[in-house]
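This report refers to the structure that appears directly beneath it.
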Amino acid sequence: MSRFSNFTHNWQDYLILVVAVLVSLSLIFFGNEQSHNGKVQALAIEMMGRIASPVWKARQYFNIMDTNRDLRRENALLQLYNAQLNEAFHENQRLRKLLGLGLMQEYDCIPAKVLGRQQTGIHTIILSAGLEQNVRPNMPVVSANGLVGKISQSGPNYSSAQLLIDRNFRVAVRVQRSRVEGIFKWQEGTVGVLESVHHRADVQGGDIVITSGMSSLFPPGLLIGRVIKVESVSTGLFQDITVQALVDFDRLEEVFIVKQNQPIPMNIQNESND
Amino acid sequence: MKYIFYALSFIIVILFEMTISDLLSIRGISPHFSIVVLAYVGLVEGRARSTTIGFVFGLFQDLAGSGLIGLNALTKSVIGFFFGQFVGLSRTHRILVPGLIIFMADLIHNFLVALFVPNVPFGTVLLTSVLAGIYTSLVGMIIFAFLTESAWQRIEMAEEPF
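In structure tokens:
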């Protein structure tokens, strides 16, 4: 017994390290299922959200003049753009009716503030909206510049979202101009790559990349980025396409969580538009 | 009392890293204040206690950030143990040695994280780890240079002198 206690006393530091490492590894490999840690993590997010909320307000106070000026400018531009889109929308509605394409998807947006971020391992942000605002896991998160990520965990009033710049994140996309489809994944720094694009597919520098809608999580048409480099390897089947994201992930302050409603018949939409 | 002080420091550091450390970020690289705080804990508490404190702190950080649960617990335990090696550091080494060990700890942290993040090219890991390590160690050196007299007394009076 005394030999055992001598041993543990002499090697105490190393034993503690080994136990801590083993417990951590067990948590990494077996403790990351939603069913195991959902409630504990939701509680921690709720707590951090409550503490971070006043900090966010203080930061906003100092930025408010600049933000206001930028928003006024953006608002003027968006009003012009919106008028054009409105015309196109009504034209599209009429043409869809003529072609018999009766179903349209409708979306709601839940606004949320970015209260904090985590950059170790999985890139996540903490948002000021949760289950009480109908925010659920896997809902897309967007900003004015495009797709930001998706909800990974929801607490009662706060939630966390996995960012597009996380290495585990994949999204089905298409090139807006040529409708070429591929898979977008983050690479490094501020750029990502477009995978599985055939070497003869029509992709050029400057092309805009949007979500394709092939995945059930993300609606089609959300902005992802701009193609900055296209390299066709003569021996390979696919092109190496580098895409610069349009969202500035270092300066995220407010986002919108997209709530996808059921498809509704177009005549109901028309009634609501009238 | 001491542990309440540590707990409060870590909560403030987590909050700072999650909410406003992006203001200090240079091309996406921010200093890890949590590693600097853990360095102080390690120098005062020694290997066993700083490993345990690092584990608890890392676990809370994992839960609060909703990342990969266990990853920060792992890195902070190992780093806590590493800092504990230098327990009782003399104040004659008050800037350079803390800077060096914080740099090495940040490298260990970043390499351990990279092990669990798939498909990162080694060159990228190396570059970002070294840059983040330099940044964190510079911040650490500034903080250690301005540590109060009583804080240095606590470090020097720790059990196993370095």
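Protein chains in written order, with numbering that gives the first Met the number 0: chain A, 0 to 273; chain B, 0 to 161.
Note that beta-carbon positions come from the ideal geometry of N, C-alpha and C, so glycine has one too.
In terms of alpha-carbon separation, which member of A:Val141, A:Gln78, A:Val113 lies closest to Pro219 (chain A)? Numbered from 1 along the first sequence, position 220 holds the residue referred to as residue 219 (chain A). The shortest Cα separation from Pro219 (chain A) among A:Val141, A:Gln78, A:Val113 belongs to A:Val141.
Neighbour-count burial assignment, Asp206 (chain A), 16 or more Cβ in a 10 Å radius: For this step, residue 206 (chain A) is matched to residue 207 along the first sequence. Asp206 (chain A) sits buried, since 16 or more C-beta atoms from the chains shown fall within 10 Å of its C-beta.
Alpha carbon to alpha carbon, how far is Val77 (chain B) from Gly87 (chain B)? Counting from 1 along the second sequence, the entry for residue 77 (chain B) is found at position 78. Counting from 1 along the second sequence, the entry for residue 87 (chain B) is found at position 88. Roughly 19 Å between the two C-alpha positions.
Nearest-angstrom Cα separation, counted from Lys149 (chain A) out to Asp21 (chain B): By 1-based counting over the second sequence, the position of residue 21 (chain B) is 22. By 1-based counting over the first sequence, the position of residue 149 (chain A) is 150. The C-alpha of Asp21 (chain B) lies about 21 Å from the C-alpha of Lys149 (chain A).
Going along the chain, which unbroken runs of the alpha helix (DSSP H) with 4 or more residues stay wholly within the segment 110-157 of chain A? none
Among residues of its own chain, excluding the 5 on either side of Asn269 (chain A), which ones have a beta-carbon nearer than 6 Å to its beta-carbon? Mapped onto the first sequence, residue 269 (chain A) falls at position 270. Its pLDDT being 42, under 50, Asn269 (chain A) is placed unreliably by the model, and the measurement read from it follows with that caveat. Counting only Cβ-Cβ distances below 6 Å, and skipping sequence neighbours, we find nothing.
Report back the beta-carbon spacing between Ile44 (chain A) and Ile125 (chain A) to the nearest angstrom; my notes put them in contact at under 8 Å. Stepping through the first sequence from its first residue, residue 44 (chain A) is reached at position 45. Stepping through the first sequence from its first residue, residue 125 (chain A) is reached at position 126. Ile44 (chain A) to Ile125 (chain A), Cβ: 6 Å. Contact.
Just verifying my parser: in three-state terms, what is the DSSP assignment at Ala160 (chain A)? Counting from one through the first sequence, the residue named residue 160 (chain A) turns up at place 161. In the structure shown, Ala160 (chain A) sits in a strand (DSSP, three-state: E or B).
What is the DSSP secondary structure of Val124 (chain B), reduced to helix, strand or coil? By one-based count along the second sequence, residue 124 (chain B) stands at place 125. DSSP places Val124 (chain B) in the helix class (H, G or I) of the three-state scheme.
Report yes or no: is there a C-beta of chain C within less than 8 Å of the C-beta of Ala157 (chain B)? In the displayed structure, chain C is absent; the protein chains listed are A and B.
Residue-chain proximity (Ala19 (chain A), chain B), Cβ-Cβ < 8 Å: Taking the first residue of the first sequence as 1, we reach residue 19 (chain A) at position 20. Taking 8 Å as the CB threshold, Ala19 (chain A) lines the interface with chain B.
Taking 8 Å as the threshold (C-beta atoms), are Val172 (chain A) and Ser153 (chain A) in contact? Translated into positions along the first sequence, residue 153 (chain A) becomes position 154. Translated into positions along the first sequence, residue 172 (chain A) becomes position 173. Contact: no.
Buried or exposed for Gln238 (chain A), going by 16 or more other Cβ atoms inside 10 Å? Indexing the first sequence from 1 puts residue 238 (chain A) at position 239. That one is buried.
Taking 8 Å as the CB-CB limit, is Gly27 (chain B) close to chain A? By 1-based counting over the second sequence, the position of residue 27 (chain B) is 28. So, interface residue.
Does the separation of the CB atoms of Pro155 (chain A) and Gly129 (chain A) fall below 8 Å? Walking along the first sequence from the start, residue 155 (chain A) turns up at place 156. Walking along the first sequence from the start, residue 129 (chain A) turns up at place 130. Yes.
State the Cα-Cα distance for the pair Ile209 (chain A) and Leu245 (chain A), rounded to the nearest angstrom. Counting from one through the first sequence, the residue named residue 209 (chain A) turns up at place 210. Counting from one through the first sequence, the residue named residue 245 (chain A) turns up at place 246. Near 11 Å, if we compare the C-alpha coordinates of Leu245 (chain A) and Ile209 (chain A).
Evaluate Tyr39 (chain B) with the Cβ neighbour count: other Cβ atoms within 10 Å of its Cβ, from every protein chain shown; 16 or more gives buried, anything less gives exposed. Walking along the second sequence from the start, residue 39 (chain B) turns up at place 40. That one is buried.
Outcome for Tyr13 (chain A) when other beta-carbon atoms lying within 10 angstroms are tallied against a minimum of 16: Working through the first sequence from its first residue, we reach residue 13 (chain A) at position 14. Exposed.
Closer than 8 Å, CB to CB, is Ser23 (chain A) near chain B or not? Residue mapping note: residue 23 (chain A) aligns to position 24 of the first sequence, counting from 1. Yes - at least one Cβ of chain B is within 8 Å of the one on Ser23 (chain A).
Would you list the one or two residues that DSSP bridges to Glu148 (chain B)? For this step, residue 148 (chain B) is matched to residue 149 along the second sequence. DSSP lists no partner for Glu148 (chain B).
Chain A within 8 Å of Asp105 (chain B), Cβ atoms only: If you number the second sequence from 1, residue 105 (chain B) lands on position 106. Judged by the 8 Å Cβ criterion, Asp105 (chain B) is not in contact with chain A.
What residue range is occupied by the uninterrupted alpha helix (DSSP H) comprising Arg46 (chain B)? The residue given as residue 46 (chain B) occupies position 47 in the second sequence. That run of the alpha helix (DSSP H) goes 46-64.
Burial state of Asp61 (chain B), where buried means 16 or more other Cβ atoms lie within 10 Å: Looking up residue 61 (chain B) in the second sequence gives position 62. When all chains shown are included, Asp61 (chain B) counts as buried.
Under the assumption that Leu37 (chain B) contacts Lys75 (chain B) (Cβ atoms under 8 Å), give the Cβ distance between them as a whole number of angstroms. For the purposes of this step, residue 37 (chain B) is taken as residue 38 along the second sequence, with counting starting at 1. For the purposes of this step, residue 75 (chain B) is taken as residue 76 along the second sequence, with counting starting at 1. Contact holds; Cβ gap of about 6 Å.
Please classify Met138 (chain A) as buried or exposed, where buried requires at least 16 other C-beta atoms within 10 Å of its C-beta. Position 139 of the first sequence, counted from the first residue, corresponds to residue 138 (chain A). It counts as buried.
Here's a check: name, in chain order, each residue in its chain whose Cβ is nearer than 6 Å to the Cβ of Leu130 (chain B), leaving out the five neighbours to either side. As a first step, residue 130 (chain B) is located in the second sequence; it is residue number 131 there, counting from the start. If we look at Leu130 (chain B) and ignore the five residues flanking it on each side, its Cβ neighbours are Ile28.
Taking contact to mean at least 3 C-beta pairs separated by less than 8 Å, is the segment 79-94 of chain B in contact with the segment 48-66 of chain A? Fewer than three pairs of CB atoms, one per stretch, sit closer than 8 Å, so the segment 79-94 of chain B makes no contact with the segment 48-66 of chain A.
Residues within the segment 53-69 of chain B neighbouring chain A, beta-carbon criterion of under 9 Å: Listed by position, the residues of the segment 53-69 of chain B near chain A (Cβ gap below 9 Å) are Gly53, Phe54, Gly57, Leu58, Phe59, Gln60, Asp61, Leu62, Ala63, Gly64, Ser65, Gly66, Leu67, Ile68, Gly69.
Among residues of its own chain, excluding the 5 on either side of Gly48 (chain A), which ones have a beta-carbon nearer than 6 Å to its beta-carbon? Position 49 of the first sequence, counted from the first residue, corresponds to residue 48 (chain A). Cβ neighbours of Gly48 (chain A) beyond the five flanking positions: Leu114, Ile125, Tyr157.
Partners in chain B for Ala43 (chain A), counting only beta-carbon separations shorter than 7 Å: The residue given as residue 43 (chain A) occupies position 44 in the first sequence. Below the 7 Å Cβ cutoff, chain B contributes Leu62, Ala63 as neighbours of Ala43 (chain A), in chain order.
Quick one: grab the DSSP three-state call for Gln84 (chain B). The residue labelled residue 84 (chain B) in the question sits at position 85 within the second sequence. Looking at Gln84 (chain B) - three-state DSSP - the assignment turns out to be coil, as it is neither helix nor strand.
Between the segment 43-52 of chain B and the segment 121-129 of chain B, do three or more beta carbon pairs fall short of 8 Å? no
Can you tell me which of A:Gln11, A:Gln78, A:Glu187, A:Tyr80 puts its alpha carbon nearest to the alpha carbon of Val116 (chain B)? As a position in the second sequence, residue 116 (chain B) is number 117, starting the count at 1. The residue with the shortest Cα to Cα distance from Val116 (chain B) is A:Glu187.
Count the other CB atoms, across all protein chains shown, that sit within 10 Å of the CB of His8 (chain A); report buried if there are 16 or more and exposed otherwise. On the first sequence, position 9 is the one that residue 8 (chain A) refers to. Per the 10 Å Cβ criterion, exposed.
Is Pro160 (chain B) close to chain A? Criterion is C-beta to C-beta, closer than 8 Å. For this step, residue 160 (chain B) is matched to residue 161 along the second sequence. Per-residue confidence for Pro160 (chain B) stands at a pLDDT of 44, beneath the threshold of 50, marking its modelled position as unreliable; the derived number appears in the next sentence. Chain A, which has no Cβ nearer than 8 Å to the Cβ of Pro160 (chain B), makes this no.
Where Glu44 (chain B) and Ala157 (chain B) are concerned, what is the direct C-alpha to C-alpha distance, given to the nearest angstrom? On the second sequence, residue 44 (chain B) is found 45 positions in, with the first residue counted as 1. On the second sequence, residue 157 (chain B) is found 158 positions in, with the first residue counted as 1. About 7 Å.
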